[in-house]
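Protein chains in written order, with our numbering: chain R, 70 to 183; chain P, 1306 to 1419. Ideal Cβ placement from N, Cα and C applies to all residues, glycine included. All values derive from a computational prediction rather than experimental measurement.
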Amino acid sequence: LAKTTQPISMDSYEGQEVNITCSHNNIATNDYITWYQQFPSQGPRFIIQGYKTKVTNEVASLFIPADRKSSTLSLPRVSLSDTAVYYCLVGDGGLTGGGNKLTFGTGTQLKVEL
Amino acid sequence: DTGVSQNPRHKITKRGQNVTFRCDPISEHNRLYWYRQTLGQGPEFLTYFQNEAQLEKSRLLSDRFSAERPKGSFSTLEIQRTEQGDSAMYLCASSLETVNYGYTFGSGTRLTVV
């Protein structure tokens, strides 16, 4: 599974847009990019997944450049409740037979203040 | 069906005792995963099932750990002769085979070994 690198922490204020960038230089052709959010004492929650270009849902947008060696999770107009750890994961979900497990790094701790 | 359910939410046990955790996945999900998370770290993969078959086990899953998923429904994770190093959050997740990384996690069982 491709290794990912993301900032350890980020600070923001309510109402701002937050962009968290993840590097994955060794991403494979079949790999997808997936982001999870985790609040204290809860399990991670799936936010968004993409393969290339841009994906948007009701929670976030995911921007993936053509070389796919990085990706950016964009959270529009954050609120205090967006304070959480955000994980970037890369893998093919076991679709090519290489196992089917998620490999989490230490994630990015986002802190949103008033 | 309201999601992945884990019981108990908290467990305090004395070193050397055996403990068992239960996970009830989303009913139509045929894949079930166990992860362990320690403070400040991302979740680490332990094992996963497809229906009742245990398809992969991490090296983290020592001989003291055993997981079962009888009849492909709920799963149990047992730790025998607990050690202080086993103190962690144990997370369960489930997914459909056809969904790439769209896993649903439970809220976890917090184990404290004293």
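With fewer than 16 other Cβ atoms inside 10 Å of its own Cβ, R:T98 counts as exposed. For P:Y1395, DSSP records a beta bridge to P:R1341 and P:T1414. Secondary structure at P:Q1346: coil, using DSSP grouped into helix, strand and coil. Taking one beta carbon from each stretch, the stretch 1377-1395 of chain P and the stretch 1313-1324 of chain P have 3 or more pairs nearer than 8 Å; the two touch.
Taking 9 Å as the Cβ-Cβ cut-off, the stretch 141-158 of chain R approaches chain P at V154, Y156 and L158, given in chain order.
Bounds of the beta strand (DSSP E) holding R:I102 are Y101 to Q107.
Taking each of R:D80, R:K138, R:P113 and R:Y155 in turn and checking the Cα distance to R:K121, the smallest one comes out for R:K138. Residue-level contact check: R:Q111 touches chain P, since one or more beta carbons of chain P fall below 7 Å from its beta carbon. In the displayed model, P:S1367 falls within coil according to three-state DSSP, outside both helix and strand. Taking 7 Å as the threshold, the shortest C-beta distance from P:P1330 to chain R does not fall below it.
At the C-beta level, R:I116 and R:V124 stay beyond 7 Å of one another. Going by C-alpha positions, R:T177 is about 27 Å away from P:L1401. R:S150 carries a helical assignment under DSSP once its states are collapsed to helix, strand and coil. P:L1382: member of the beta strand (DSSP E) spanning S1380 to I1384, first to last residue. Residue pairing by DSSP places P:H1315 opposite P:R1415 in a beta bridge. Beta-bridge analysis with DSSP links R:L144 to R:V87. R:K138 carries a coil assignment under DSSP once its states are collapsed to helix, strand and coil. For P:E1357, there are no neighbours in chain R by C-beta distance under 8 Å, as the nearest C-beta there is about 16 Å away. Contact between P:S1380 and P:E1373 holds, since their C-beta atoms are separated by about 7 Å, short of 8 Å. For P:G1321, no CB of chain R lies under 7 Å from its own CB, so it is not counted at the interface with that chain.
Contact note: R:F173 reaches chain P through Y1340, Q1342, Q1346, G1347, P1348, E1349 and F1350, using a C-beta cutoff of 9 Å and chain order. R:H93 counts as buried, since at least 16 other C-beta atoms from the protein chains shown sit within 10 angstroms of its C-beta. In this structure, P:F1354 keeps its C-beta atom at 7 Å or more from the C-beta atom of P:T1414.
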